[in-house]
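First up is the structure itself, then whatever we jot down about it.
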Amino acid sequence: MKIKNFNLGLGGFLSKNPKLGNFLPQAVTLFAIIFIIGFFTFNAQTNMDTRGIDFGFGFLTQESSFDIQFSLIDYDGSYSYARAYLVGLLNTLLVSAIGIFFATVLGVIVGISRLSSNYLIAKLAEVYVEIFRNIPLLLQIFFWYFAALRALPLPKEAVSFFDVSFLTIKGFFIPKFVWTNFSVLFYSFVAAVVSIVFVYVYGKRKQESTGERIPIFFISAGLLIILPLIATLLGGVNLDFE
């Protein structure tokens, strides 16, 4: 009877204070989450101390002792875990950039195809969109991994392209590009881009003032080809493979 009166009293108190009634369950839930996280963290810390395992980020400065097949920067097993993490991050950004580029190109092509007056092209684009839109992304990943990539040959049976590039289940291997005086070529591209911007601005102003148009596209294409070509011939730029 006392318990019933207590429940009625608590319920009546919470009903008279709706803000507190909404806040109390959230506070209890938050406290329970903090308690669970703290419990498992303390338990993990105790077990790691018992086994002599360090807890923290000090391992990042230790030698990684493993290789990564592809890296945009210099890396081997003698570098630290932090360097390995940086290599992985840069590789992820590279793959993301490549994926965004090709996805954009594919999306534009399919989108334009759906608006085409050609019945066959428009229908093929529509079927493509409807099929891939209604298939879960996880199922597509499983298909490409197990049905497509798993069908590739093992390293001992690699598919050779003119004994220069090789395709295996582990990936597509190409020679490493070794540039000589690459900075000369890079700065020539920068100079070409700056020149193109200048030509574009000049052409727009001249068209607005006199109405005369200059061939901006052809001038820009010429600058983008001629300046790097001159830099390559005169600057000793060379590309080798290894």
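Under the numbering used here, the residue at position 57 of the sequence shown is numbered 212, and the numbers go up by one with no gaps.
All C-beta atoms in this analysis are idealised placements derived from N, C-alpha and C, irrespective of residue type, glycine included.
- Query: Taking the alpha-carbon positions, what's the Thr196 to Arg206 distance?
  - Reply: Annotation: Thr196 to Arg206 spans about 15 angstroms, alpha carbon to alpha carbon.
- Message: Suppose only complete runs of 4+ residues qualify. What are the alpha helix (DSSP H) ranges in the region 255-314, listed by chain order?
- Response: Counting only runs of 4+ residues, the alpha helix (DSSP H) found wholly inside the region 255-314 occupies 274-289, 292-297, in chain order.
- Neighbourhood of Phe221 by C-beta distance below 7 angstroms, restricted to the same chain and skipping five residues each side: These residues qualify, in order along the chain: Gly232.
- Message: Among Leu227, Ser235, Gly213, whose alpha-carbon lies nearest the alpha-carbon of Phe219?
- Response: For the record, residue 219 in the displayed sequence is Ser; it is not Phe. Comparing Cα positions, the closest option is Ser235.
- Spatially closest choice to Leu244 from Pro180, Ile223, Gly213, Phe332, by CA coordinates: Of Pro180, Ile223, Gly213, Phe332, the residue nearest in Cα terms is Ile223.
- Task: Please check the pair Pro308 and Lys325, which I expect to be a contact at CB under 8 angstroms, by giving their CB distance rounded to whole angstroms.
- Result: About 10 angstroms separates the two Cβ atoms, so there is no contact after all.
- Message: Between the alpha carbons of Thr216 and Ile381, how many angstroms are there, rounded?
- Response: Straight across, the Cα-Cα distance linking Thr216 with Ile381 is about 47 angstroms.
- Query: Run through DSSP, which three-state label would Leu227 get?
  - Reply: It is coil, neither helix nor strand.
- Relative to the alpha-carbon of Ile264, which residue among Asn246, Leu248, Tyr283, Phe328 has its alpha-carbon at the smallest distance? Nearest Cα to Ile264 within the set Asn246, Leu248, Tyr283, Phe328: Tyr283.
- Message: Taking the beta carbon of Leu179 as the centre, do at least 16 other beta carbons fall within 10 Å, making it buried, or is it exposed?
- Response: By the C-beta density criterion, Leu179 is exposed, having fewer than 16 other C-beta atoms within 10 angstroms.
- Message: Only counting the same chain, and skipping five residues up and downstream in sequence, which positions put a Cβ closer than 6 angstroms to that of Gly391?
- Response: These residues qualify, in order along the chain: Asn336.
- Three-state secondary structure (DSSP) at Glu218? In the three-state scheme derived from DSSP, where H, G and I count as helix and E and B as strand, Glu218 is classed as strand.
- Use the C-beta contact count for Leu340: other C-beta atoms within 10 angstroms, 16 or more gives buried, fewer gives exposed. When all chains shown are included, Leu340 counts as buried.
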